[in-house]
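The numbering of the sequence shown is full-length UniProt numbering, which starts it at 1 and goes up by one. Accompanying notes for the structure given below.
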Amino acid sequence: MDSAASRILEILNQPPMMRCPELGLLIDRASLRELQDIYPVLVNSIFGVNTGWGFRLMTRDTHPHDFDVLYNFFIPIGGPMFRLCYRLLSDSLKYELPVGMLPPKMQQMLESGRYSAFYSDIINIDPFRRQIVSLSLNAFDYFLFHFALHGTVPLQRLYPGAVPLGNEKAKTLYLILTAEYLCTFLPSHPDSVVLPQMVSGTIKVSSPAAIPVMQPTKSPKYLNLSAIHHHAPVAASASASLQRSPNSSTIESSRTHCWRSESVLYIFVDCWLRIDVDDARELPSNEFIRC
1 MDSAASRILE ILNQPPMMRC PELGLLIDRA SLRELQDIYP VLVNSIFGVN
51 TGWGFRLMTR DTHPHDFDVL YNFFIPIGGP MFRLCYRLLS DSLKYELPVG
101 MLPPKMQQML ESGRYSAFYS DIINIDPFRR QIVSLSLNAF DYFLFHFALH
151 GTVPLQRLYP GAVPLGNEKA KTLYLILTAE YLCTFLPSHP DSVVLPQMVS
201 GTIKVSSPAA IPVMQPTKSP KYLNLSAIHH HAPVAASASA SLQRSPNSST
251 IESSRTHCWR SESVLYIFVD CWLRIDVDDA RELPSNEFIR C
């Protein structure tokens, strides 16, 4: 039987109609160690310059069959790509993303040390140069970083000679998948649980930050504090009852799934909103602006 490393190279040379079903079988049948080895190869193939999978060009009108096959492969709930990511989370192995791949302003943010706690345990510092050289990411974050960065690359650099879509309303596969990821991992209702729920392994679990009690330095001029103090015991008892309610346990259990929302939020905001248009030779594409 061929090894997974040699098998994936054969699969990646096939057209999407054959490539995606074969990859799905490989993902379900290969061992964890084999998947760890082939994962970077697969991600580099998907988002590689000149050899990518055409996310930024493909629409349902131009490539109806390939579009549907690729869409079903990359959907966040049940798609083989995310099944692969979740299988890889069962191990603590990290994948390195060179800091040079990040937007310049994002690099400056990391180098200045003024970054959020999200990055505190994933930055990799060269002890000799004392510089951040890479981000050490789990499989989920590694894929989404590449996906978000893929949208910032000028289309002509990805596909030299490609003709931009003339129809401004054309929805590329990249645009459709972006909407899927944002809607799935950033639900509009705060009590919503990100699916799939049963995601285990070595992950970052978001813990609620303690909100410090702020004491006013001076008395307000137009606010009647006596009325507030009169109702304070009622508010306190209501707060205590909420803490004892069954919903509080539901909130606690759902926190183990909040890390994906945190990742998606930071990855897309920092990769997309730290693009320096003034220093870029090419303006952002219409597709990127629409995202």
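Every residue gets a Cβ at the ideal spot worked out from N, C-alpha and C, and that includes glycine.
{"Item": "So, using beta-carbon positions, are Val193 and Ser261 closer together than 7 Å?", "Value": "no"}
{"Item": "Restricting to runs no shorter than 4 residues, where is the alpha helix (DSSP H) found entirely within the stretch 1 to 62?", "Value": "4 to 12, 16 to 29 and 32 to 47"}
{"Item": "Can you tell me which of Tyr71, Val133 and Leu102 puts its alpha carbon nearest to the alpha carbon of Leu273?", "Value": "Leu102"}
{"Item": "Could you give the first and the last residue of the continuous alpha helix (DSSP H) run that contains Val133?", "Value": "Looking at the DSSP string, Val133 is not in any alpha helix (DSSP H); the run it does join, the beta strand (DSSP E), is Gln131 to Leu137."}
{"Item": "Does DSSP put Pro154 in a helix, in a strand, or in coil?", "Value": "coil"}
{"Item": "If we count the other Cβ atoms within 10 Å of its Cβ and call it buried at 16 or more, is Ser6 buried or exposed?", "Value": "exposed"}
{"Item": "If you check the beta carbons only, do Phe145 and Ile46 fall under 7 Å apart?", "Value": "no"}
{"Item": "Report the CB separation of Ile122 from Ser112 in whole angstroms; it is logged as a contact under 8 Å.", "Value": "Going by Cβ atoms, the distance from Ile122 to Ser112 rounds to 17 Å, so no, they are not a contact pair."}
{"Item": "In whole angstroms, what separates the C-alpha of Cys258 from that of Leu186?", "Value": "9 Å"}
{"Item": "When the distance is taken between beta carbons, is Phe67 closer than 7 Å to Leu173?", "Value": "yes"}
{"Item": "Using only the alpha-carbon positions, how far apart do His150 and Phe128 sit?", "Value": "31 Å"}
{"Item": "Within the continuous beta strand (DSSP E) that includes Asp270, where are the two ends?", "Value": "Careful: Asp270 lies outside any beta strand (DSSP E), inside the alpha helix (DSSP H) at Cys258 to Trp272."}
{"Item": "Based on DSSP bridge pairs, tell me the residues matched to Pro98.", "Value": "Ser134"}
{"Item": "Roughly how many angstroms separate the alpha carbons of Leu12 and Gly78, rounded to a whole number?", "Value": "21 Å"}
{"Item": "Sort out for me which residues DSSP pairs Asp126 with in a bridge.", "Value": "Gln131"}
{"Item": "Could you work out which residue in Val264, Gln108 and Gly100 is closest to Ala179 when comparing CA atoms only?", "Value": "Val264"}
{"Item": "Using a Cβ-Cβ cutoff of less than 7 Å, which residues in the same chain neighbour Gly52 once the five nearest sequence positions on both sides are dropped?", "Value": "Ile46 and Leu158"}
{"Item": "For the alpha helix (DSSP H) that Thr184 lies in, which residues bound it at each end?", "Value": "Leu173 to Phe185"}
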